[in-house]
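Chemist: Chains as they are written, first to last, in the numbering used here: chain S, 1 to 275; chain L, 276 to 349.
For each residue, glycine too, the CB sits at the ideal point set by N, CA and C.
One structure, pasted below without further comment.
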Amino acid sequence: MAEQPAIEPMHQFMIHKIVQGPVFNVGGLTVDMSITNSVASMIAGAIILMAFLALTARGQIVPNRGQALAEALYNIVDRVLVTPIVGHGGKPYIPYLFTLFMTILTLNLMGVLLAVGNLGGLSLTFTVTSQLAVTATLAVLTFFSVFILGFVKHGPKFVSLFWVPGMGIVGGALMVIIEMISYFVRPITLAMRLFGNMLGGHVVMSLFGSFVVALGLVGLSGGIASLALIPSALSFGMIVALTGLELVVAVLQAFVFTALATVYLNEVVNFGHGH
Amino acid sequence: MEAEAAKLIGAGLATSGMIGAGIGLGNLFGQYLQAAIRNPSAAASQQTMLFLGMALTETMGLFAFVISLIILFA
């Protein structure tokens, strides 16, 4: 029987340094500014996104395809998310929400579509949003921006966000604790949602890819083992289906992250009264 | 029992958290479909909330999956 390669779905998430950068110490914390494959993917994503927006930001009355796509994406943030959820008070925050949406969308789609694979040992495919550090950064940035905005806009009485009226003193105090826990768990859930979706999708795709290779190797060793080519082909079909699902999940997770950021923003912008 | 065996059993048991996510998602989409067939013109306006609710429910199943991976690989 042929040599079986080990099935290791988690190897695609390992970070390698490409270019060694300066290492310095900031108050006991070592900051290593090397270019890793994660950083390279982020730079590539930023270049792709900026090129797309630079090429399609036209003002034509009859838009061409690029402009129509950019306008559709902008309308998702403006007309589907911000205006129904927040109302007119949300207009100043559309730039940040649109940037957030396009960043997550680009990074997610790069992980699914730019699956170039190994090129002379250097893996060119890396899903940036499958790193918890990246999604945690986005989640913490969004959450604390909204939280501090609440204090900036409404002053110290913003803490009445946690007070549930009509429960008495003891019940109210208990509810304040519960409300605070469920409020401050939000950045964790935001980070984990995006991270888990991207990680799970890529782990499963890698596993089915390993099945294709392993079963194929068994099947090619001839004789009755050629039956193993059937599940190998089925696994390949499964990868096709999973890639389709991954495309849907990539767009959906970008949408949901932005939608939740909009909902959290609404609590701050329309604090104390409906719109 | 060795730690390696316990890890494998724990990782398998942890994925049983996805049962709840499956029930929740089926419930959500089923109710949406039922309401959409009764009132088709109002169905499109709630599609945003449908996808939002779907992603929030899916998150719970994902937490179970991520914990299972953590048990298995860390």
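Residues of the stretch 191-222 of chain S in Cβ contact with chain L at a cutoff of 9 Å, in chain order, please.
Modeler: Listed by position, the residues of the stretch 191-222 of chain S near chain L (Cβ gap below 9 Å) are Met192, Arg193, Phe195, Gly196, Asn197, Leu199, Gly200 and Val203.
Chemist: If you follow the alpha helix (DSSP H) that S:Phe195 is in, where does it begin and where does it stop?
Modeler: Arg186 to Leu220 is the extent of the alpha helix (DSSP H) around S:Phe195.
Chemist: I'd like to know if L:Leu327 contacts chain S, where contact means its C-beta is closer than 9 Å to some C-beta of that chain.
Modeler: Chain S contact via Cβ: present.
Chemist: State yes or no: is the C-beta of S:Glu246 nearer than 8 Å to some heavy atom of the ligand FAD?
Modeler: Here there are no bound small molecules, and the ligand FAD is not part of this structure.
Chemist: Could you check if S:Thr127 is buried or exposed, using at least 16 other CB atoms within 10 Å of its CB as the buried criterion?
Modeler: Buried, since its Cβ has 16 or more Cβ neighbours within 10 Å.
Chemist: What residue does the alpha helix (DSSP H) around S:Val39 start on, and which one ends it?
Modeler: Its alpha helix (DSSP H) spans residues Asn37 to Thr56.
Chemist: Taking a contact to mean a Cβ-Cβ separation below 9 Å, would you say S:Met192 touches L:Phe338 in this structure?
Modeler: Yes, they are a contact pair.
Chemist: Taking only beta-carbon atoms, is L:Glu279 less than 9 Å away from chain S?
Modeler: No - not a single Cβ of chain S is within 9 Å of the one on L:Glu279.
Chemist: List, in order along the chain, the chain S residues whose C-beta lies closer than 8 Å to that of L:Thr323?
Modeler: Here the neighbours are Val80, Leu81, Pro84 and Ala259.
Chemist: Confirm, please, whether the CB-CB distance from L:Gly292 to L:Ile342 is below 9 Å.
Modeler: Yes; because the gap between Cβ atoms is below 9 Å, this pair is in contact.
Chemist: Give a yes or no on whether 9 Å exceeds the smallest Cβ distance from S:Phe255 to chain L.
Modeler: Judged by the 9 Å Cβ criterion, S:Phe255 is in contact with chain L.
Chemist: Could you check whether the Cβ of S:Leu252 sits closer than 9 Å to any Cβ belonging to chain L?
Modeler: Yes, because at least one Cβ of chain L sits closer than 9 Å to the Cβ of S:Leu252.
Chemist: Going straight from the alpha carbon of L:Thr332 to that of S:Ala241, what length do you get?
Modeler: One C-alpha to the other measures close to 22 Å.
Chemist: Does the stretch 142-149 of chain S come into contact with the stretch 54-70 of chain S, if we say contact requires no fewer than three beta-carbon pairs (one atom in each stretch) closer than 8 Å?
Modeler: The stretch 142-149 of chain S is not in contact with the stretch 54-70 of chain S.
Chemist: Any C-beta of chain L sitting closer than 9 Å to the C-beta of S:Met10?
Modeler: Cβ-Cβ to chain L under 9 Å: yes for S:Met10.
Chemist: In whole angstroms, what separates the C-alpha of S:Ile48 from that of L:Met276?
Modeler: So the two alpha carbons sit approximately 51 Å from each other.
Chemist: Comparing the C-beta of S:Thr189 with each C-beta of chain L, is any distance below 9 Å?
Modeler: Chain L, which has a Cβ nearer than 9 Å to the Cβ of S:Thr189, makes this yes.
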